[in-house]
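Visitor:
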Ligand code: SF4
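Residue numbers (my numbering): 802 to 1026.
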């Protein structure tokens, strides 16, 4: 079976097992909310991001423009539920400054894909995963976002490139799957949901939707073939 067919089969199984409609970023989610969330979700769970965003809203500071009007300390106080508050306040303000320098977030997100990625990566606190979350979910570009859940899952499935590294994994997916924004969004979201619920650091293989095709799960001592 080709890699593309394997990936399509895995997506179908994940799709049947998890509810993409419950994912926090849907096609109609505002790009600004996605950008703010992409920074705040670094190293924490989405539930903590929601609590931080609620505090921003209550303070009338839930926008990139508002982030520039607040001091780092003030912003950090609001972001505390998301962890690393001062770091994230600096990163949020750095993204806000980038948007301002481009004439606003809409104009920033309208830049050609490679230029946008380059500018994001040159911004304080934005690495490949955060940049690609913004490219994929906020700007609508078909880039396959890689994260730790993805690498862990596909290694356990016996799939993926020989070498590791963000760009190597991304190329592997993008060479196998046609560039399609909604498919890439869906795939990434379902991998994360699966990584949180079943394929955790200690995987819960019994009952897993991928058990039938997973050598790791089928080799686990506590799993019936
Ligand atoms: S069977 Fe186990 S190791 Fe394989 S994908 Fe499912 S949870 Fe992960």
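Note that CB positions come from ideal geometry on N, CA and C, so glycine has one too.
1. Quick one: Cα of residue 1000 to Cα of residue 904, how far?
2. What's the C-alpha gap between residue 915 and residue 969?
3. Between residue 761 and residue 943, is the Cβ-Cβ spacing less than 7 Å?
4. Is it the case that the CB of residue 845 approaches a heavy atom of the ligand SF4 more closely than 6 Å?
5. Can you tell me which of 813, 945, 1004, 854 puts its alpha carbon nearest to the alpha carbon of residue 748?
6. Go ahead and label residue 843 buried or exposed: buried means 16 or more other beta carbons lie within 10 angstroms of its beta carbon, across all protein chains shown.
7. Note down, one range per segment and in chain order, each alpha helix (DSSP H) of at least 4 residues found wholly within the region 802 to 848.
8. When you compare only the Cα positions, how much space is there between residue 900 and residue 922?
9. Using a Cβ-based criterion (distance less than 6 Å to any ligand heavy atom), does residue 1011 qualify as near the ligand NAP?
10. Could you check the C-alpha separation between residue 1017 and residue 978 for me, to the nearest Å?
Guide: Reading off the structure:
1. As the crow flies, the alpha-carbon of residue 1000 is around 42 Å from that of residue 904.
2. Cα to Cα, the separation comes out at about 17 Å.
3. It is not possible to answer for residue 761, since the shown part of the chain is limited to 802 through 1026.
4. No; taking the cut-off as 6 Å, the Cβ of residue 845 has no heavy atom of the ligand SF4 nearer than that.
5. The shown model of the chain, from 802 to 1026, leaves out residue 748, and the question about it has no answer.
6. Using a 10 angstroms sphere on the CB of residue 843, the tally of other CB atoms reaches 16 or more, which defines it as buried.
7. Here the runs fully enclosed are 804 to 818, 832 to 841.
8. CA-to-CA, the gap between residue 900 and residue 922 works out to about 13 Å.
9. Of the ligands this structure carries, namely the ligand SF4, none is the ligand NAP.
10. Residue 1017 and residue 978: Cα-Cα distance of roughly 24 Å.
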